[in-house]
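J.: In mature numbering (1 follows the signal peptide of the UniProt record, and there is no 0), the protein residues as written are -17 to -1, 1 to 342. Built from N, CA and C at the ideal position, the CB exists for glycine as well. As the structure is a prediction and not an experimental result, all values here were calculated from the model. Dropping the structure in here first, questions after.
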């Protein structure tokens, strides 16, 4: 019995926690401005206005509704149906819609029962004229001042008005990339005018007069002007550009310093075969820093390969005594094998002999 009571209490607590927890939409959606909330509400109202559009009321009081009040299209019964569904179809911002619908219920009813409701749409009547959350198109701010026009276009057609359509903002033009000026009528730095649009300069230019790499007035960092063209500077030619234990990688207009392989003290590139100097307990052989054990392994492996190649060449010599043509084919096969075999090792037999000579 105690177990059953405990389960019932747990279920009740779970149901109550779901009721009191914040709505999912409120947690997952961004905050909306007053104007955006009003737009959500009017869009939902118009959605249900369309959903309930079915001619005259077909319930039990149809005759009374028709004779005493007005047609179903603007009846109180239809308004109730709309209000019952209002905001329920929304997948986001539903909580904002419900909140504003409750606050604006009386104002919505006033619009619904206007003598000539078709004379003004709901958004204009509710959001702009009555609640005063929004402004007409191309207007902004508390008093809905007109946004700046240039050539009969908002911000010259290359930007947007700050606060446009809302009671917020200061009306300044927020220009698109590449444009600047009070009305976005000028090309921004590192853009040039083609009479119809502002286009970006060549990637190496810091300022330009037109299209292409020869139209640069000055170059970006990492480039230098040579014969009228911005050319990449190879920073890696400077040996001090990176720290000890790093190597330089050049790129267009830039460079990067990357860490050498752990076996190297200094290097000129990636991996263990690009070392230039080694730590005291290692020696440099063909770009590799090797210790005494590695050196012994390399010598042992080199001797083994040399013995194998000598044996193969000896076989070719005996074949030559019987058939020159067959010997030629045998030597060709042996040479191909030796080439492929040596490519598989970091150091060839010749590399090992050369390093032994230097040491």
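1) With distances taken between CB atoms, is the gap from residue 228 to residue 208 smaller than 8 Å?
2) Whose C-alpha, out of 193, 186, 35, 18, is nearest the C-alpha of residue 111?
3) Leaving out five residues on either side along the sequence, give the residues of the same chain with a beta carbon under 6 Å from the beta carbon of residue 108.
4) Are the beta-carbon atoms of residue 176 and residue 144 separated by less than 8 Å?
5) Span of the beta strand (DSSP E) holding residue 229?
6) Run through DSSP, which three-state label would residue 238 get?
7) Is the beta carbon of residue 262 less than 8 Å from the beta carbon of residue 272?
8) Alpha carbon to alpha carbon, how far is residue 309 from residue 321? Give it in angstroms, no decimals.
9) Does the separation of the CB atoms of residue 126 and residue 154 fall below 8 Å?
10) Quick check on this structure: which residue in 231, 214, 198 has the alpha carbon closest to the alpha carbon of residue 222?
11) Between which two residues does the alpha helix (DSSP H) harbouring residue 26 extend?
12) If we count Cβ pairs, one from each stretch, closer than 8 Å, do we get three or more for the stretch 17 to 33 versus the stretch 78 to 89?
13) When we look at the beta-carbon of residue 146 and count the other beta-carbons within 10 Å, is it buried (16 or more) or exposed?
14) Is residue 150 helix, strand or coil by DSSP?
15) Compare the C-alpha of residue 192 against each of 171, 206, 205 and name the closest.
T.: In short, the structure shows the following:
1) no
2) 18
3) 94
4) no
5) Start and end: 229 to 234.
6) strand
7) yes
8) 18 Å
9) Not a contact, by the Cβ cut-off of 8 Å.
10) 231
11) Unbroken alpha helix (DSSP H) run through residue 26: 17 to 34.
12) yes
13) buried
14) coil
15) 171
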